[in-house]
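First the structure, in the form of structure tokens, and then the observations on it.
In our numbering, the protein residues as written are 61 to 379.
What follows is the structure in structure tokens.
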């Protein structure tokens with residue numbers, strides 16, 4: 061059992077605290093916002109109840125058990141006192157992260173590992189030199205208590221044993237760490253997701269299809285095959301000669317990178333900012349908590365089905 065401090069109790073932070081607690085670790089959670097920290101307990105309890113009911117957490121994980129495994133602290137010094145792993149999950153601005161890392165340099169144990177959950181920033185220039193040997197990125201995907209992928213990227217001066225230790229810790233929690241040799245904005249999954257995002261926004265802005273129609277194409281076309289095959293195994297089943305011919309035809313040109321979307325800008329201007337606002341690309345019921353719970357229940361069912369179904373990975377080796 062490790063002593064873990066999670067800095068930031070927002071969308072990812074409180075969920076990461078739950079993940080590490082379920083993984084058998086003692087967690088201290090903190091946030092600069094008292095309101096955010098206060099909400100975290102209820103959010104963790106709600107997610108935990110869904111996991112227990114769905115069979116993804118043991119039945120003895122009660123709210124009392126959670127309260128013992130995750131404690132909340134308004135004071136940063138108290139949160140990182142004695143921490144072996146510090147998970148940074150604050151807002152994605154360089155200035156805020158630089159200031160936090162400076163505080164951690166003054167407050168955290170010398171041997172503590174600092175793991176940033178940044179989704180696109182190169183945080184290593186923001187981390188004090190004295191902490192570089194034990195600094196890395198461990199990037200999770202939401203909701204992290206159901207999505208197992210974790211991108212692990214060592215800092216330029218990070219000790220190999222630190223990376224190995226974090227990778228082993230994640231595997232011990234049932235996660236799927238993906239170790240990258242160097243920082244690339246977006247890593248692998250987000251790189252691919254960015255390309256998809258650029259294309260779907262273009263199709264929407266150009267009036268080729270509506271948001272529900274584009275989602276239907278993904279759900280009933282791409283998504284059915286990807287969990288079992290991935291991309292390259294799918295190409296093997298289709299035949300690489302066809303892939304070669306498609307590339308040679310040059311029939312696809314990516315949309316220009318405009319840095320904006322007319323449709324997206326209009327929705328945000330109208331206050332249609334997503335589930336929490338009751339509307340985005342879709343109109344949603346006014347109970348966000350129920351919607352997140354419904355999402356999690358479906359993800360649990362899919363995750364359990366995929367365990368039963370399995371993937372094609374490994375079959376090429378006759379295993």
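Built from N, CA and C at the ideal position, the CB exists for glycine as well. Quick caveat: nothing in here was measured; it's all calculated off a predicted structure.
Quick one: what's residue i bridged to in DSSP?
i	result
residue 155	None, per the DSSP bridge assignment.
residue 64	87 and 145
residue 70	Looking at the DSSP assignment, residue 70 forms no beta bridge with any residue, so it has no partner.
residue 249	Beta-bridge pairing links residue 249 to no other residue.
residue 196	175 and 214
residue 239	212
Whose C-beta lies closer than 8 Å to the C-beta of residue i among residues of the same chain, with five residues either side of it excluded?
i	result
residue 100	69, 73, 74, 77, 89, 91 and 132
residue 61	84, 85 and 86
residue 412	Outside the modelled stretch of the chain, which goes from 61 to 379, sits residue 412, for which no answer is possible.
residue 202	71, 72 and 75
At which residues does the beta strand (DSSP E) containing residue i begin and terminate?
i	result
residue 214	209-214
residue 132	130-133
Grab me the residues of residue i's own chain with a C-beta within less than 7 Å of its C-beta, minus the 5 sequence neighbours each way, in chain order.
i	result
residue 344	335, 338 and 351
residue 126	81, 104, 105 and 108
residue 94	134
residue 137	167
residue 274	260, 263 and 264
residue 363	206
residue 63	86, 142, 143 and 144
residue 366	287
residue 154	181 and 186
residue 214	196 and 223
residue 117	82, 108 and 111
Quick one: residues in its chain with C-beta nearer than 6 Å to the C-beta of residue i, no 5 flanking neighbours on either side, listed in chain order?
i	result
residue 110	353 and 356
residue 97	69, 91 and 132
residue 139	65, 88, 90 and 133
residue 79	204 and 205
residue 342	none
residue 348	335 and 336
residue 323	264 and 265
residue 379	With a pLDDT of 48 at residue 379, under the threshold of 50, the modelled position of this residue cannot be trusted, and the question is left open.
residue 384	The question about residue 384 has no answer, for the chain in this structure spans 61 to 379.
residue 229	none
residue 114	360
residue 175	147, 196 and 198
Quick check on the DSSP output: the alpha helix (DSSP H) that includes residue i runs from which residue to which?
i	result
residue 290	From DSSP, residue 290 is part of no alpha helix (DSSP H); its letter is neither H nor E.
residue 231	220-232
residue 357	348-369
residue 108	94-113
residue 206	Unbroken run through residue 206: none, as it is neither H nor E.
residue 375	Segment: none, residue 375 is in no alpha helix (DSSP H) and carries neither H nor E.
residue 140	136-140
| request: Pair every Cβ in the region 349-360 with every Cβ in the region 268-280, then say whether three or more of these pairs are closer than 8 Å. | output: They do not touch, by the three-pair rule.
| query | Okay, do the region 296-303 and the region 232-242 touch, 3+ Cβ pairs below 8 Å being the bar? | reply | The region 296-303 is not in contact with the region 232-242.
| message | Quick check on the DSSP output: what are the complete alpha helix (DSSP H) runs of length 4 or more inside the region 249-287, in order along the chain? | response | Listed in chain order, the complete alpha helix (DSSP H) runs (minimum 4 residues) inside the region 249-287 are 249-265 and 271-277.
| task | Could I get the ranges of all uninterrupted beta strand (DSSP E) runs contained in the region 307-346, with 3 residues as the minimum, in chain order? | result | Here no run is fully enclosed.
| Counting Cβ pairs closer than 8 Å, one from the region 325-333 and one from the region 305-315, do we hit at least three? | Judged by Cβ distances under 8 Å, the region 325-333 makes no contact with the region 305-315, as fewer than three pairs qualify.
| query | Should the region 259-277 be regarded as contacting the region 187-206, the criterion being three or more beta carbon pairs within less than 8 Å? | reply | Using a C-beta cut-off of 8 Å, the region 259-277 makes no contact with the region 187-206, since fewer than three inter-stretch Cβ pairs fall below that distance.
| message | Contact between the region 153-167 and the region 112-126 is defined here as three or more beta-carbon pairs at a separation below 8 Å; is this criterion met? | response | Two segments are said to touch when three or more pairs of C-beta atoms, one from each, lie closer than 8 Å; by this definition the region 153-167 does not touch the region 112-126.
| At a cut of 8 Å, does the region 183-190 reach the region 248-258 through at least three beta carbon pairs? | Not touching, per the Cβ criterion.
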